[in-house]
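Protein sequence lines, in the order shown, are assigned to chains H and U. In case it helps, the working numbering puts the first sequence at residues 1 to 424. In case it helps, the working numbering puts the second sequence at residues 425 to 921. In this text, a Cβ means the ideal position worked out from N, Cα and C, and glycines have one as well. This one's a predicted model, so the numbers in the text were calculated from it and none came from an experiment. So the structure is just underneath, and the comments pick up after that.
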Amino acid sequence: MIFAGNFATAFPVDTLKVRDAKDVEEVVRAAIANEQPLEIIGHGSKRSIGHAMATNAVLDVSALNAVTSYEPNELIITLQAGAPLADVLSLIDAKNQQFAFEPMNTAPLLGTPALGTIGGMIACGLAGPRRIKAGGARDHLLGAHAVSGFGDSFKTGGKVVKNVTGYDLCKLLAGSWGTLSVMTEVTLKVMPKPEAERTLLLRGLDDAVANRAMTAALGSPYDVSAAAHLPYQAFRARTEGLGDIAGQGEGVTALRLEGITASASHRAGSLRELLAPFGTAAVIEDDASSALWAAIRDVLPFAADGALGAWPVWRIVCPPASGAALGAQLARETGGDVIYDWGGGLIWAALPPTSDAHAPSVRQRAAAFGGHATLIRATEDVRRGVEVFHPQASGIAALSERVRAGFDPKSILNRGRLTRGATA
Amino acid sequence: MAITMPASDQAVLARRAEIVAALRAIVPGEGVIDSAAEMRAYESDGLTAYRQPPMVVVLPDTTEQVSLVLKYCAAQGIKVVPRGSGTSLSGGALPLEDGVLLGLGKFKRIREIDFDNRVVVTEPGVTNLAISQAVAHAGFYYAPDPSSQIACSIGGNVAENSGGVHCLKYGMTTNNVLGCEIVLMSGEILRIGGKGCENSGYDLMGIITGSEGLLGVITEITVRILQKPETARALMVGFAEVEAAGECVARIIGAGIIPGGMEMMDKPAIHAAEAFVHAGYPLDVDALLIIELDGPKIEVDELITRVEAIANACGSTTCQISTSEAERNLFWAGRKAAFPAVGRISPDYLCMDGTIPRGALPKALARIRELSEKYQLGCANVFHAGDGNLHPLILYDANKPGEIERAEAFGADILRACVEFGGVLTGEHGVGIEKRDLMPEMFTEIDLNQQQRLKCAFDAQGLLNPGKVFPTLHRCAELGRMHVHAGKVAFPDIPRF
């Protein structure tokens, strides 16, 4: 009997490695009967995001790692939730396909070895640069089988791209950080990889001007698929992985065009003309371009092994045209560094370490611009003292709690991960 | 009719005069309609086979009025049915005899156009097309384009998660909305999301979109706008066999080409459309594909060549490529008029809306032909081929005894086949009342209970649009009950580390 006695102190962490959905049901039911919360992990690559969980039992889904079906011509793939993301990316890459939302690899930023699992990718919902054009994990999750906090397996959605049958619970599962259900199998949309990519590089713009350049590019008819700005300070911490765009003592504003070769080149030319008032853009192609965007996606300037590796890192989402005003203000007030993605709509901020990671000021500034901030990297000590996820207006918080309770009334799943002090 | 709606609350009906007076105190003047003649305009939506006058119609014009109406109805235990433009094809806005019909038609203002953030903030009663028109001068448009876009409201689009011809490339409503103001049944006003790409916390916007008016009443919406593609050209390709057309669709996608639109019509649909609009459709083919490529001219020209080669390789018997906007529009004219065209060859028709995996198209069409024989009713098929969304139009005559029942049974069998082939009951029209009783074909009771628990989080009394989507409404207290599985107190025998 594993769950006899005082769970919190008498036993070390008990890891239960499930083999199928039935196992998940049984583990959750046993956990309900024992009122013992579970931490759900795949590879554990993003475990350090969020609050410490009130549990000493771990439900490990990494053995649910099969590819159920992959039909390139249908543009869908069905996978068990524990399938390793790295393997899945190779599999679809071999058919020249990809997840269009460019899932972030959090390993460099968090200093963990693994890329994680498909389930983790969806539950955390961290989309990369193409978010502005292709959407996020929530837009690519077509269907799921999951086990709720009632211990029941349910399905939602389907295996087709166009579906409005019943409530779209997939939207809730994506980005729920494992607090609603344990996903066991998911169906995702895959998209063809673009034949070619071109990236325009503008140098030496300050944040405000760069934001205007990105706004002009994204408002153009040239179908820009990514727009980022790296202020020159951002290169001081780490230039590895950024190729020769770093180290020139200037900020870099990057704009990506993708598609068939003739089109990407043509649009790069047109966009270069449109942006002439901001300077003469250099163009990098294909491999050099994709390496740069992978570095931006994974926030390499703030990587754990760089000079700012010990600094807390915030992920701030805001209206894109306000990005520079918000980011520059935060950098100035705290002495921190920022980089901008999503045309200014996503700010990564590495701020000098303090006991609260500057939370009050980050939250206040972000909210003033209509944004919200998540503390993606911080020591456990810091996370004990501040909310990791942006606190919500009371009505939304209450509704979200009712929604959560509708999936997991006893708060068995990842209890306490989203809200500080909710671990009791 | 075969659909059973929730039983009318006689106590509520008996208090009708008092309820009308209370609503008038909230929404003064002509905003409350209670005469039988005037209410007739609201007795049905786009699913005209079902009609039911409401108890009373209320047309508020501020969020505060919506809030007060809902608060009053919640306190009094009165059901409420929200309505936009009333173009739902699944009966989502069908009134209830003992319910208040809450129309959002007066919410007609676009509140803000923000080109820098590429969003429009609008009231829900604005039509889909009006949003595109309001930003057209700057080269922008709102991408989802349901065929009713001239009439349907953006609020209704959010409620139904509307699609359209271009959603293969540009997504459905859910992929194009960023935030909203919503009033819960309790009267509580909430703001969700905004101009940023993502909201914090659970994706409530994602769950509200497509919830068919069961979760709340939307009073403001923030949508994403896009720059219009520089150009668009279309190919019209005929095939002697449906299978070859299906193969062509698969190969285009397989080649990494995502067309702006890719539509298929079968022979009966081609003939009906050609007779109606004279678009020059080939009449000797079994399947016609209209494939539209959009983007920069240089890209479109290149892709047209590639698609033409694929079509030839698949054995196309005719292939026309548009060389002007007029010609492109002519190709589309027949497809866009397919529903009224079918309306001309049959006194009545039922429009179905299942989705299947693209690869299942030939067997789905074969099944439809068998069912057409079985039920002795004609059927014309139009099909959003790119995303597997099938619209069989079942031809019948409501004046002939038994035909509507046969048509409905035929339609239900088609949707069952869609599920059997790995697809779903509805791709874009919604469940409403039309497919409500078919939900168990796709979902178990556990699946449906989980969906209803979400409903409970928004509307615990079950007063908002009851009788839609779910075949059986459970009480929230019953759904929240936890069944502890006695005897299973230890974790099962699974590997531990």
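Here's the rule: buried if 16 or more other CB atoms are within 10 angstroms of the residue's CB, otherwise exposed. What is H/Arg138? Burial check for H/Arg138: the Cβ neighbour count within 10 Å reaches 16 or more, so the residue is buried.
Listing by chain order, which chain H residues have their CB less than 7 Å from the CB of U/Met866? Those are Thr165, listed as they occur along chain H.
Length-filtered (3 minimum) beta strand (DSSP E) runs lying within the stretch 613-649 of chain U: The stretch 613-649 of chain U is shown to contain whole beta strand (DSSP E) runs of 3 or more residues at 613-617 and 641-648, in chain order.
State whether the stretch 755-774 of chain U contacts the stretch 816-834 of chain U, with contact taken as three or more CB pairs (one from each stretch) at a distance under 8 Å. Flag = yes, the stretch 755-774 of chain U and the stretch 816-834 of chain U touch.
Can you find at least 3 beta carbon pairs, one from the stretch 145-157 of chain H and one from the stretch 862-876 of chain U, that sit closer than 8 Å? These segments touch.
Between H/Phe154 and chain U, is any beta-carbon pair separated by less than 9 Å? Interface annotation, H/Phe154: in contact with chain U, CB-CB separation under 9 Å.
U/Met688 CB to nearest chain H CB: under 9 Å? Chain H, which has no Cβ nearer than 9 Å to the Cβ of U/Met688, makes this no.
Could you run through the stretch 609-627 of chain U and flag, in chain order, every residue whose CB is less than 9 Å away from some CB of chain H? Listed in sequence order: Glu612, Ile613, Leu614, Arg615, Ile616, Gly618, Lys619, Gly620, Cys621, Glu622, Asn623, Ser624, Gly625, Tyr626 and Asp627.
Any idea what DSSP makes of H/Glu387, helix, strand or coil? Three-state DSSP puts H/Glu387 in coil, outside helix and strand.
With distances taken from CA atoms, which of H/Ala294, H/Ala196, H/Lys193 and H/His140 is nearest H/Gly175? Considering only alpha carbons, the answer is H/His140.
Looking at the C-beta of U/Met425, does it have a partner C-beta in chain H at a distance below 9 Å? Bear in mind that the predicted position of U/Met425 carries a pLDDT of just 49, short of 50, making it too unreliable to give a figure here.
Measuring straight from C-alpha to C-alpha, what distance separates U/Arg804 and U/Cys743? The amino acid at residue 804 of chain U is misidentified as Arg; the sequence shows Ala. Put simply, the backbone Cα of U/Ala804 is about 22 Å away from that of U/Cys743.
Give the residues of chain H in contact with U/Lys652, contact being defined as C-beta atoms less than 9 Å apart. Listed along the chain, the chain H residues whose CB falls inside 9 Å of the CB of U/Lys652 are Pro221.
How close, in whole Å, do the beta carbons of U/Ala517 and U/Asp469 come, if the pair is a contact with beta carbons under 8 Å? The distance from the Cβ of U/Ala517 to that of U/Asp469 is about 4 Å, consistent with a contact at the 8 Å cut-off.
U/Pro484 CB to nearest chain H CB: under 9 Å? It does not; no Cβ of chain H falls within 9 Å.
Distance, U/Glu726 Cα to H/Leu425 Cα: Not covered by the structure: residue 425 of chain H. The range shown for chain H is 1 to 424.
According to DSSP, is H/Asp381 helix, strand or coil? Of the three classes helix, strand and coil, the one that applies to H/Asp381 here is helix, per DSSP.
Per DSSP, cross-strand counterpart(s) of H/Ser181: H/Ser181 is bridged to H/Ser148.
List, in order along the chain, the chain U residues whose C-beta lies closer than 9 Å to that of H/Gly345? What H/Gly345 touches in chain U: Asn541, Lys619, Gly620, Cys621 and Glu622.
Relative to the alpha-carbon of H/Leu59, which residue among H/Gly44, H/Asp87 and H/Pro72 has its alpha-carbon at the smallest distance? It is H/Gly44 whose Cα lies nearest to the Cα of H/Leu59.
Looking only at its own chain, which residues have a Cβ that is under 8 Å from the Cβ of H/Asp408, when we skip the five neighbours before and after it? Contacts found: Ser148, Gly149, Phe150, Thr179, Leu180 and Ser181.
In the stretch 301-325 of chain H, which residues sit with their C-beta less than 7 Å from some C-beta in chain U, listed in chain order? The residues in question are Val317, Cys318, Pro319, Pro320 and Ala321.
Kindly indicate which residue of U/Lys652, U/Pro506 and U/Ile613 has the alpha-carbon position closest to the one of U/Asn581. Considering only alpha carbons, the answer is U/Pro506.
By how many angstroms is the C-alpha of H/Val27 removed from the C-alpha of H/Lys133? One Cα belongs to H/Lys133, the other to H/Val27, and the distance between them is close to 40 Å.
Leaving aside the five residues before and after U/Glu751 along the sequence, list all residues of the same chain whose C-beta is less than 6 Å from its C-beta, in chain order. Around U/Glu751: no qualifying Cβ.
Quick one: residues in its chain with C-beta nearer than 8 Å to the C-beta of H/Met1, no 5 flanking neighbours on either side, listed in chain order? The predicted position of H/Met1 is uncertain, since its pLDDT is 23 and thus under 50; a value taken from the coordinates is nonetheless stated next. Here the set comprises nothing.
Within 10 Å of its beta-carbon, does U/Thr896 have 16 or more other beta-carbons around it, so buried, or fewer, so exposed? Exposed, by the Cβ-count rule.
Residue span of the alpha helix (DSSP H) that contains U/Thr546, given as start and end: Where U/Thr546 is concerned, there is no enclosing alpha helix (DSSP H), although the beta strand (DSSP E) it sits in stretches over Val543 to Thr546.
Is H/Ser176 close to chain U, meaning its C-beta is less than 9 Å from at least one C-beta of that chain? Put simply, the CB of H/Ser176 is near chain U, with a gap under 9 Å to one of its CB atoms.
Whose CA, out of U/Glu687, U/Gln489, U/Ile745 and U/Ala460, lies closest to the CA of U/Pro452? That would be U/Gln489, whose Cα lies nearest to the Cα of U/Pro452.
Using a beta-carbon distance cut-off of less than 9 Å, what residues from the stretch 689-723 of chain U approach chain H? Cβ contacts with chain H come from Gly719, Pro720, Lys721, Ile722 and Glu723.
Nearest to U/Arg440 by CA position, among U/Ala431, U/Gly739, U/Met429 and U/Asp458, is which residue? Per the Cα distances, U/Asp458.
In the DSSP output, which residue or residues are listed as bridge partners for U/His815? Paired residues: U/Val806.
Any chain U beta carbon closer than 9 Å to H/Phe7: Only weak support exists for where H/Phe7 lies, its pLDDT of 37 falling under 50; the coordinates are left without a value.
Would you verify that the beta carbon of H/Met104 is, or is not, closer than 9 Å to some beta carbon of chain U? Chain U contact via Cβ: absent.
Can you tell me whether DSSP reads H/Thr419 as helix, strand or coil? Look at H/Thr419 here: in three-state DSSP terms it is coil, with no helix or strand label.
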